[in-house]
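Protein chains in written order, with this note's numbering: chain B, 1 to 224; chain U, 1001 to 1432.
Okay, so here's the structure we're looking at.
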Ligand SMILES: Nc1ncnc2c1ncn2[C@@H]1O[C@H](COP(=O)(O)OP(=O)(O)O)[C@@H](O)[C@H]1O
Ligand SMILES: [Mg+2]
């Protein structure tokens, strides 16, 4: 049974002048615990696909099923709760909140989850930062961290709520190769140790080859 | 809460101009509003010597005119004569104390042992006056009922006045020349604020039914109803003002009977009046007071004082939020609902408004309690018109200030918060 099922996904962006078809009839199944890479040239719809899987965007047509739940007709607050519980996001440019320190950034998903005391939240944050070897930076602001450290904090934020799916859009795109390799090994560790399903967009052929499966895109379509 | 303070500090560092301007603008608008609120409240909140304002009713005017049948066309209204005041207000059910006094103070020349002649804001009062109005004694005693009934020439002075006349407040038994008549000083009380229009005075001269000063003589009719007298009623705890008014209204019939031979009758204008009516509703002695139009006017002023800064604060919050669009997108991705975005922004803004409010209220209280020029047009004859501290700083003021902050916050934050909640998460995350 797959954890992510996309069937017949179309995404068309309409502006006044033009109509862009970003995705065309996408069918994709991802198995639980799978580490999937998506590759393809710029503008072929990879981010659009990831946003649709992440329930941040709605497809123009087609259905999205995550964890056996059809997500097409969920309300805004149902979508929010679903994301909060089941999905972690890692972005190319980290998107840490600049006014919050590392601990508060990592805590973010837990803030929007009910039933956790401040103490429980703090414990989970500390535990995750320890696991990612970032405990010594817990009080630092994002501006005081290197890019690699920022991405590690972002990964900590993505997994602190124990989601079953992590979506990473070019997570190493802004990092040098050494830091990129560190982030990759971290993602592999999470995939192995926690069984987290990871869908990653990347331009790096070598990184992609280390994952379980590569899906290649061209012009909004899967070509292999 | 802590996160919200952190955000404020962060904004102060990273967007210093907008953040500081927001804080200062909030403080200034709360300051302005609170000064207006306090100017109004000084007229109605109880403070010494009018500590009894919640239970105080005043009969200050009477209005009479020719009857329909009469060939004359007289119409007159003014203060009450002593006898009219007694007819209407003496011994009412549900009233604890009734005092007959001059409605306003007048400047009268006095001279004590210091030899200097100077004018004091003087009020003629009976012995009951000190049962209603709260004038702490420094020396001596209040008037006795006897002194008031038989017009024995005694006076009570306020502290500063006593010092000026005798060089000391220890002047009981001394003789004070009041308008060239000699009076015996029997008491010295604390100085009081002329903002208490009915209870204040620097010199209290004993008066009673036989005092010729309390009657204006026959100005209009044989039955003398006009004079300088006001009746102050201290209503018993829990007694409805309307029940007092009903009794007074019935007593107007007695005066009508007296006026009947002259083909005149009274016109009743809902007397006696409570403090809010006195402060905001009076429309002359020949009209029924109307607090509601004053109240509407006041609310309009408050609304303008709130909405104008709110528009500015709103646009400043909007530009502060524009810097945080990407943050909002990330929060949405991690499960923050639209509603939560709205409530968080409003709560965050409320903290700023409260901090601005504390600054503004503090400034307002300092200003209102020191700058007496603020109240000058309320009382042209008073000298000490600075209100007692308790009149401007009390829980009521604080409560109103918090309420004002809350409303200011709501109307300035609502639109930017709503806009922030509507952004598409994908576009927000990628916004720069
Ligand atoms: N909000 C949008 N409005 C209009 N067109 C868009 C929007 N987002 C993406 N597109 C278009 O959709 C296509 C796919 O974009 P994207 O998914 O970002 O590609 P990738 O991530 O593979 O580089 C591109 O042609 C892009 O211009
Ligand atoms: Mg992309």
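Yeah, the Cβ is synthetic: ideal placement off N, Cα and C, and Gly gets one too.
Report the CB separation of residue 1340 of chain U from residue 1018 of chain U in whole angstroms; it is logged as a contact under 8 Å. As a working note, residue 1340 of chain U is residue 340 in the second chain. As a working note, residue 1018 of chain U is residue 18 in the second chain. Contact doesn't hold; Cβ gap of about 24 Å is too wide.
Contact with chain U by residue 137 of chain B, beta-carbon distance below 7 Å: Along the first chain, one-based indexing puts residue 137 of chain B at 137. It does not; no Cβ of chain U falls within 7 Å.
Between the CA atoms of residue 1228 of chain U and residue 1104 of chain U - distance to the nearest angstrom: Here residue 1104 of chain U refers to the residue found at position 104 when the second chain is read from its first residue. Here residue 1228 of chain U refers to the residue found at position 228 when the second chain is read from its first residue. The straight-line gap from Cα to Cα measures roughly 8 Å.
Three-way DSSP call (helix, strand, coil) for residue 1428 of chain U in this model: Your numbering for residue 1428 of chain U matches position 428 in the second chain. Three-state DSSP puts residue 1428 of chain U in a helix.
Who are residue 1117 of chain U's beta bridge partners in DSSP? Indexing the second chain from 1 puts residue 1117 of chain U at position 117. The partner list for residue 1117 of chain U (beta bridge, DSSP) reads U:1111.
Can you confirm whether residue 1335 of chain U, when its beta carbon is compared against all beta carbons of chain B, has any partner nearer than 7 Å? By 1-based counting over the second chain, the position of residue 1335 of chain U is 335. At a cut-off of 7 Å, the C-beta of residue 1335 of chain U has a neighbouring C-beta in chain B.
Within-7 Å CB hit, residue 1010 of chain U to chain B: Residue 1010 of chain U sits at position 10 when you count from the first residue of the second chain. Yes, contact with chain B.
Can you give me the C-alpha to C-alpha distance between residue 1367 of chain U and residue 1035 of chain U, rounded to a whole angstrom? Mapped onto the second chain, residue 1367 of chain U falls at position 367. Mapped onto the second chain, residue 1035 of chain U falls at position 35. Their Cα atoms are separated by approximately 8 Å.
Apart from the five residues just before and just after residue 218 of chain B, which ones in its own chain have a Cβ nearer than 8 Å to its Cβ? Numbered from 1 along the first chain, position 218 holds the residue referred to as residue 218 of chain B. Contacts found: 40, 41 and 44.
Cβ-based neighbour list, residue 223 of chain B, same chain, cut-off 6 Å, excluding 5 preceding and 5 following: Walking along the first chain from the start, residue 223 of chain B turns up at place 223. Cβ neighbours of residue 223 of chain B beyond the five flanking positions: 216.
List the residues of chain U that residue 89 of chain B touches, going by C-beta distances under 9 Å, in chain order. Counting from 1 along the first chain, the entry for residue 89 of chain B is found at position 89. Here the neighbours are 1330, 1333, 1334 and 1429.
Closer than 8 Å, Cβ to any Cβ of chain U: which residues of the segment 16–45 of chain B, in chain order? none
Is the segment 1176–1192 of chain U in contact with the segment 1117–1136 of chain U, if contact means three or more CB pairs nearer than 8 Å? yes
What residues in the segment 138–172 of chain B have a beta carbon less than 7 Å from any beta carbon of chain U? none
Is any heavy atom in ligand 1 found nearer than 6 Å to the beta carbon of residue 22 of chain B? Residue 22 of chain B sits at position 22 when you count from the first residue of the first chain. Flag set: Cβ of residue 22 of chain B near ligand 1.
For residue 164 of chain B and residue 12 of chain B, what's the separation of their Cα atoms in angstroms? Residue 164 of chain B sits at position 164 when you count from the first residue of the first chain. Residue 12 of chain B sits at position 12 when you count from the first residue of the first chain. The straight-line gap from Cα to Cα measures roughly 29 Å.
Endpoints, the beta strand (DSSP E) within which residue 1233 of chain U is located: Along the second chain, one-based indexing puts residue 1233 of chain U at 233. Run containing residue 1233 of chain U: 1229–1235, per the beta strand (DSSP E) assignment.
So the candidates are U:1352, U:1226 and U:1143; which of them puts its Cα closest to the Cα of residue 1078 of chain U? Numbered from 1 along the second chain, position 78 holds the residue referred to as residue 1078 of chain U. Considering only alpha carbons, the answer is U:1226.
Tell me whether residue 139 of chain B is buried or exposed, calling it buried when 16 or more other Cβ atoms sit within 10 Å of its Cβ. Taking the first chain and counting its residues from 1, the one referred to as residue 139 of chain B is at position 139. By the neighbour-count rule (16 or more Cβ atoms within 10 Å), residue 139 of chain B is not buried but exposed.
I'd like to know if the segment 1038–1046 of chain U and the segment 1231–1246 of chain U are in contact, where contact means that at least 3 CB-CB pairs between them fall below 8 Å. no
Less than 6 Å between C-beta atoms, sequence neighbours within five positions excluded: which residues of the same chain meet that for residue 1012 of chain U? Working through the second chain from its first residue, we reach residue 1012 of chain U at position 12. Within the same chain, residue 1012 of chain U has close Cβ partners 1019.
In chain order, each beta strand (DSSP E) run of at least 3 residues that lies wholly inside the segment 117–198 of chain B: Contiguous beta strand (DSSP E) elements confined to the segment 117–198 of chain B occur at 165–169, taking only those with 3 or more residues.
Check residue 1183 of chain U in the structure and name its three-state DSSP category. Within the second chain, numbered from 1, the residue matching residue 1183 of chain U stands at position 183. The answer is strand: DSSP assigns residue 1183 of chain U an E or B state.
Hey, would you say residue 110 of chain B sits closer than 7 Å to residue 122 of chain B, going by beta carbons? Taking the first residue of the first chain as 1, we reach residue 110 of chain B at position 110. Taking the first residue of the first chain as 1, we reach residue 122 of chain B at position 122. With contacts defined by Cβ atoms closer than 7 Å, residue 110 of chain B and residue 122 of chain B do not form a contacting pair.
So, does the segment 1083–1091 of chain U touch the segment 1296–1315 of chain U, judging by three or more C-beta pairs under 8 Å? no
Expressed to the nearest angstrom, what Euclidean distance is found between the alpha-carbon atoms of residue 208 of chain B and residue 202 of chain B? Here the question's residue 208 of chain B lines up with position 208 in the first chain. Here the question's residue 202 of chain B lines up with position 202 in the first chain. If you take the alpha carbons of residue 208 of chain B and residue 202 of chain B, they lie about 7 Å apart.
Who are the Cβ neighbours of residue 221 of chain B in its own chain at under 6 Å, not counting the five residues just before and after it? The sequence position of residue 221 of chain B within the first chain is 221, counting from 1. Once the five neighbours on either side are set aside, the close Cβ partners of residue 221 of chain B are 24.
Just reading off the beta strand (DSSP E) that residue 63 of chain B is part of, what are its end residues? In the first chain, residue 63 of chain B corresponds to position 63, counting from 1. Where residue 63 of chain B is concerned, the enclosing beta strand (DSSP E) stretches over 61–66.
Flag residue 47 of chain B as yes when its Cβ comes closer than 6 Å to any non-hydrogen atom of ligand 1, and as no otherwise. Here the question's residue 47 of chain B lines up with position 47 in the first chain. True, at least one ligand heavy atom lies under 6 Å from that Cβ.
Delimiting residues of the alpha helix (DSSP H) encompassing residue 1410 of chain U: As a working mapping, residue 1410 of chain U is identified with position 410 in the second chain. Element bounds for residue 1410 of chain U: 1395–1422.
Does ligand 1 have even one heavy atom less than 6 Å from the beta-carbon of residue 43 of chain B? Within the first chain, residue 43 of chain B is the residue found at index 43, counting from 1. Answer for residue 43 of chain B: yes, Cβ within range of ligand 1.
Hey, is residue 190 of chain B's beta-carbon within less than 7 Å of any beta-carbon in chain U? By 1-based counting over the first chain, the position of residue 190 of chain B is 190. Not a single C-beta of chain U is nearer than 7 Å to the C-beta of residue 190 of chain B.
CA-to-CA distance, residue 1142 of chain U to residue 1156 of chain U, given in whole angstroms: Position 156 of the second chain, counted from the start, is the residue given in the question as residue 1156 of chain U. Position 142 of the second chain, counted from the start, is the residue given in the question as residue 1142 of chain U. Answer to the nearest angstrom: the Cα atoms are 7 Å apart.
Specify, as a first and last residue, the run of the beta strand (DSSP E) that residue 1157 of chain U falls within. Along the second chain, one-based indexing puts residue 1157 of chain U at 157. Its beta strand (DSSP E) spans residues 1154–1158.
Check each candidate in U:1166, U:1307 and U:1066 and name the one with the smallest Cα separation from residue 1114 of chain U. Translated into positions along the second chain, residue 1114 of chain U becomes position 114. Of the candidates U:1166, U:1307 and U:1066, the one whose C-alpha sits nearest the C-alpha of residue 1114 of chain U is U:1166.
Name the two residues that bound the continuous beta strand (DSSP E) containing residue 10 of chain B. Looking up residue 10 of chain B in the first chain gives position 10. First-last of the beta strand (DSSP E) with residue 10 of chain B: 4–14.
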